[in-house]
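2 protein chains.
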Amino acid sequence: MKKAHAVRVTSLDVARLAGVSQSAVSRALTPGASISDAMKRRVTEAAEALGYTPNVFARSLITRRSDFIGVVMGEVTNAFYAEVLDRLGRSLQKRGQRVLFAGAPLDAGPDQAVQELLHYHVAGIVITSATLSRDMAARCTAAGAPVVLLNRKPPPGEASSVRCDSVDGGFLAGDLLARAGHQHFAFIGGLPGAFSSKERERGFAQALATHGKAIAVRADGGFTYQGGLAAARGLLRRSAPPDAIFCGSDEMALGTIDAARVQGLRVPHDVSVIGFDDIPTAAWEGYRLTTIRQPVERMVERTLEILFEQIKQPGSKRVVQQIAGELVVRGSARLPAGYLAATG
Amino acid sequence: MKKAHAVRVTSLDVARLAGVSQSAVSRALTPGASISDAMKRRVTEAAEALGYTPNVFARSLITRRSDFIGVVMGEVTNAFYAEVLDRLGRSLQKRGQRVLFAGAPLDAGPDQAVQELLHYHVAGIVITSATLSRDMAARCTAAGAPVVLLNRKPPPGEASSVRCDSVDGGFLAGDLLARAGHQHFAFIGGLPGAFSSKERERGFAQALATHGKAIAVRADGGFTYQGGLAAARGLLRRSAPPDAIFCGSDEMALGTIDAARVQGLRVPHDVSVIGFDDIPTAAWEGYRLTTIRQPVERMVERTLEILFEQIKQPGSKRVVQQIAGELVVRGSARLPAGYLAATG
DNA sequence: GTGAAAGCGCTAACAG
DNA sequence: CTGTTAGCGCTTTCAC
Numbered sequence: 011m012k013k014a015h016a017v018r019v020t021s022l023d024v025a026r027l028a029g030v031s032q033s034a035v036s037r038a039l040t041p042g043a044s045i046s047d048a049m050k051r052r053v054t055e056a057a058e059a060l061g062y063t064p065n066v067f068a069r070s071l072i073t074r075r076s077d078f079i080g081v082v083m084g085e086v087t088n089a090f091y092a093e094v095l096d097r098l099g100r101s102l103q104k105r106g107q108r109v110l111f112a113g114a115p116l117d118a119g120p121d122q123a124v125q126e127l128l129h130y131h132v133a134g135i136v137i138t139s140a141t142l143s144r145d146m147a148a149r150c151t152a153a154g155a156p157v158v159l160l161n162r163k164p165p166p167g168e169a170s171s172v173r174c175d176s177v178d179g180g181f182l183a184g185d186l187l188a189r190a191g192h193q194h195f196a197f198i199g200g201l202p203g204a205f206s207s208k209e210r211e212r213g214f215a216q217a218l219a220t221h222g223k224a225i226a227v228r229a230d231g232g233f234t235y236q237g238g239l240a241a242a243r244g245l246l247r248r249s250a251p252p253d254a255i256f257c258g259s260d261e262m263a264l265g266t267i268d269a270a271r272v273q274g275l276r277v278p279h280d281v282s283v284i285g286f287d288d289i290p291t292a293a294w295e296g297y298r299l300t301t302i303r304q305p306v307e308r309m310v311e312r313t314l315e316i317l318f319e320q321i322k323q324p325g326s327k328r329v330v331q332q333i334a335g336e337l338v339v340r341g342s343a344r345l346p347a348g349y350l351a352a353t354g
Numbered sequence: 011m012k013k014a015h016a017v018r019v020t021s022l023d024v025a026r027l028a029g030v031s032q033s034a035v036s037r038a039l040t041p042g043a044s045i046s047d048a049m050k051r052r053v054t055e056a057a058e059a060l061g062y063t064p065n066v067f068a069r070s071l072i073t074r075r076s077d078f079i080g081v082v083m084g085e086v087t088n089a090f091y092a093e094v095l096d097r098l099g100r101s102l103q104k105r106g107q108r109v110l111f112a113g114a115p116l117d118a119g120p121d122q123a124v125q126e127l128l129h130y131h132v133a134g135i136v137i138t139s140a141t142l143s144r145d146m147a148a149r150c151t152a153a154g155a156p157v158v159l160l161n162r163k164p165p166p167g168e169a170s171s172v173r174c175d176s177v178d179g180g181f182l183a184g185d186l187l188a189r190a191g192h193q194h195f196a197f198i199g200g201l202p203g204a205f206s207s208k209e210r211e212r213g214f215a216q217a218l219a220t221h222g223k224a225i226a227v228r229a230d231g232g233f234t235y236q237g238g239l240a241a242a243r244g245l246l247r248r249s250a251p252p253d254a255i256f257c258g259s260d261e262m263a264l265g266t267i268d269a270a271r272v273q274g275l276r277v278p279h280d281v282s283v284i285g286f287d288d289i290p291t292a293a294w295e296g297y298r299l300t301t302i303r304q305p306v307e308r309m310v311e312r313t314l315e316i317l318f319e320q321i322k323q324p325g326s327k328r329v330v331q332q333i334a335g336e337l338v339v340r341g342s343a344r345l346p347a348g349y350l351a352a353t354g
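So the protein lines, in turn, are chains A and B. Residue 354 is where the first sequence ends in the numbering used here, and the numbering goes up by one at each step. Residue 354 is where the second sequence ends in the numbering used here, and the numbering goes up by one at each step.
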């Protein structure tokens, strides 16, 4: 059984064992410091022998930098964001960074959470909950902590952002539905103020316009299953119910499918449904939801790429990037004639 | 527009403004330090005027304690754990603690993640991924960081644990199914080595034995939808297929329901299915899964209670607590005759 | 109860 | 390239 050293080993201990100065130890463990290979090896060996790791607090006290990356997230219970967090965590762990997790009340915005993170001299911040205020963005810049927003409205100022191209994604959905010959189109949005939801609706409307159609009716479902279910129920009970419904998120689309089934409607025979996200549940046998996939992996990767670029190169220009969504054809929407033949 | 002080305000600044010593400032912000009310007020006012907050690194460097709580979690993408994290985050935020999030590779165990957390002098650790090794548990104790495991096998040694009573939960499921008159019982477990899964199976078997029955066949589904689907497909294709399936998790139960439907079986008419967890999806219209609910809220609350007790009172005895699960009757399992009348 | 002084363990500027 | 030196901002003795 290994002994549990309660006594902490410091750089001085390592220095003594290696027979060098304490600052040499520091340099040996600082990438890019000017130190000879021989010295470096000597120190490294002594450090390993003692099981030494630098005290993160002493280090951060001086450098004013930590290896924390702050993650501000509103809804971990949303499958899409759970996956974002999962991938974020793995990537950061691999790069030797730590995740300082901050839930943000959806109603209050991320400002307070960000303020707290700043106390910990986070190296950077990823926000997925809502848009940052201009004031807080400025504070992050002043504190030297670059910010990247994921799937949020690019805030005014210097914060970067990565998002799935919602307009384009909405267009994909609208185009498919229109070409399949549907006549009455409905859109179910998330929260009235949500930027991504509005963009998805816009793209949807644009595609319909291309075909001389328009959104006949809309409702909001708060991005949740229950909300989507309720919204769809209302829509489908109208005297002229829609035969094509595009939802701003998969959860709402799944609720929509269930609402249709409860009313005895067949999907997609009586009504076509398309979602947005491609969460795992969308692929379940019970739903087989046709949807617009957000390429989470690439989005997260790009987010971190930008973040680390800015960390390494403070003051570099902000980047506002869109990544294309991708139509995933399953069974919840009728297809245009000859569609399968055309796409192979 | 507020000015973004790039210059940090230190306790010395506050001391100067208040006309007191720097150590007085420290004492004013340390609960339980010996200081007069007048002095405390004076310092507090100056601190507020300057927007002062102590440098967490300098503080932790001395005290060897941070306000981080480490959370080691394997599967955020699992709806049950997403909810755990969500609640954990909210509660901790409320108590002024920060969440240091560490994903743990399921295959590697939590030891490495815990080791990393210890570097940050976390005040405590919550683990939901797998059981801690005895060695690492000892190291946590040595480092003064209490550990509470959530829904994991209580490790040998001093770590506390809170879990849903799986034996009892399994019993509930078995009892209901047996009393409803089913004849062929199947169990779908998670991973072969998973403690909670084994306990659920044991309780299930015990209940069946009470009625002179037994588990006829079993399979493993890795706790996932796809795994449950595949496992159930195999089970239902047997020459003597089960008419009652108890699954070690809701996701697998949902997969089981879909597997049954794909084969043209009606649930619960042809086969009854019961899950475990009560994740939000279990309540969806498309499934209406009868399941054993884990009272997440209480479990998380109790976990934190124990953790903070141990933080406040180092060396206090470990607690191993079980919290009862609760049968949630929906539509995926046939009920014993007169059941509804009897339960009101 | 209060101030002065001594570090916590480390990085970074400075000589050599 | 290497050692010496000076703090980072705070908590915590120690005198008074």
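We treat Cβ as the ideally placed atom computed from N, Cα and C, and that holds for glycine.
Range covered by the beta strand (DSSP E) that runs through residue i
i: B/VAL238; result: Strictly speaking, residue 238 of chain B in this sequence is Gly, with Val absent from that position. Here B/GLY238 belongs to no beta strand (DSSP E); instead the alpha helix (DSSP H) covers 235 to 246.
i: A/GLU307; result: That residue, A/GLU307, is in no beta strand (DSSP E); its alpha helix (DSSP H) goes 306 to 322.
i: A/GLU283; result: Sequence check: residue 283 of chain A is Val here, not Glu. Its beta strand (DSSP E) spans residues 282 to 287.
i: B/ALA254; result: 254 to 257
i: B/ILE302; result: 300 to 303
Spatially closest choice to residue i from the options, by CA coordinates
i: A/LEU350; options: A/PHE205, A/PHE286 and A/ALA190; result: A/ALA190
i: B/HIS221; options: B/ASN65, B/GLN193 and B/ALA34; result: B/GLN193
i: B/VAL158; options: B/GLN320, B/ALA343 and B/ARG340; result: B/GLN320
i: B/VAL283; options: B/ALA56, B/THR266, B/VAL272 and B/ASP175; result: B/THR266
i: B/LEU186; options: B/ARG69, B/GLY285 and B/MET309; result: B/GLY285
i: A/ALA263; options: A/PRO251, A/VAL53 and A/THR301; result: A/THR301
i: A/ALA25; options: A/THR54, A/SER46 and A/PRO41; result: A/THR54
i: A/LYS322; options: A/ALA183, A/ARG97, A/THR40 and A/PRO156; result: A/PRO156
i: A/SER101; options: A/GLY325, A/LEU337, A/PHE318 and A/ARG340; result: A/PHE318
i: B/ARG162; options: B/GLY119, B/GLN273, B/GLY42 and B/GLY325; result: B/GLY119
i: B/GLU336; options: B/ILE289, B/GLY167 and B/PRO346; result: B/ILE289
i: B/GLY341; options: B/VAL277, B/LEU71 and B/ALA217; result: B/VAL277
i: A/SER70; options: B/LEU246, B/TYR130, B/LEU22 and B/ALA123; result: B/TYR130
i: A/GLN107; options: A/ASP77, A/GLN122 and A/VAL281; result: A/ASP77
Reduced DSSP category for residue i - H, G, I as helix; E, B as strand; rest coil
i: B/LYS208; result: helix
i: A/THR20; result: coil
i: B/HIS15; result: Any reading at B/HIS15 needs caution, since the residue's pLDDT is 45, under 50, leaving its predicted position unreliable; the model's value is listed next. Of the three classes helix, strand and coil, the one that applies to B/HIS15 here is coil, per DSSP.
i: A/THR40; result: coil
i: B/LEU275; result: coil
i: A/SER342; result: coil
i: A/SER249; result: coil
i: A/GLY335; result: coil
i: A/VAL35; result: helix
i: B/VAL30; result: coil
i: A/VAL330; result: strand
i: A/GLU261; result: helix
i: B/ILE267; result: helix
i: B/GLU55; result: helix
heavy atom of the ligand FMN below 7 Å from residue i C-beta
i: A/GLY99; result: Absent from the structure shown: the ligand FMN. Ligands present: none.
Unbroken alpha helix (DSSP H) run spanning residue i, endpoints
i: B/THR353; result: 349 to 353
| message | Please give the ranges of any alpha helix (DSSP H) in the stretch 59 to 146 of chain A, keeping only runs that are unbroken, at least 4 residues long and fully inside the region. | response | 66 to 73, 89 to 104 and 121 to 129
| query | Three or more C-beta pairs closer than 8 Å, one from the stretch 236 to 243 of chain B and one from the stretch 212 to 220 of chain B: is that the case here? | reply | no
| said: Contact between the stretch 120 to 137 of chain B and the stretch 82 to 90 of chain B is defined here as three or more beta-carbon pairs at a separation below 8 Å; is this criterion met? | reply: yes
| task | Tell me the start and end of each unbroken alpha helix (DSSP H) in the stretch 154 to 239 of chain A that is at least 4 residues and wholly inside, in chain order. | result | 176 to 189 and 205 to 220
| query | Does the stretch 246 to 262 of chain B come close enough to the stretch 199 to 206 of chain B that 3 or more CB-CB pairs lie under 8 Å? | reply | yes
| query | Does the count of Cβ pairs from the stretch 328 to 346 of chain A and the stretch 165 to 175 of chain A closer than 8 Å reach three? | reply | yes
| field | the stretch 142 to 159 of chain B / the stretch 291 to 306 of chain B touching (three or more Cβ pairs under 8 Å) | value | no
| query | If we count Cβ pairs, one from each stretch, closer than 8 Å, do we get three or more for the stretch 26 to 33 of chain A versus the stretch 55 to 69 of chain A? | reply | yes
| task | Assess, as a yes-or-no matter, whether the stretch 64 to 81 of chain A is touched by the stretch 105 to 112 of chain A under the definition of 3 or more beta carbon pairs within less than 8 Å. | result | yes
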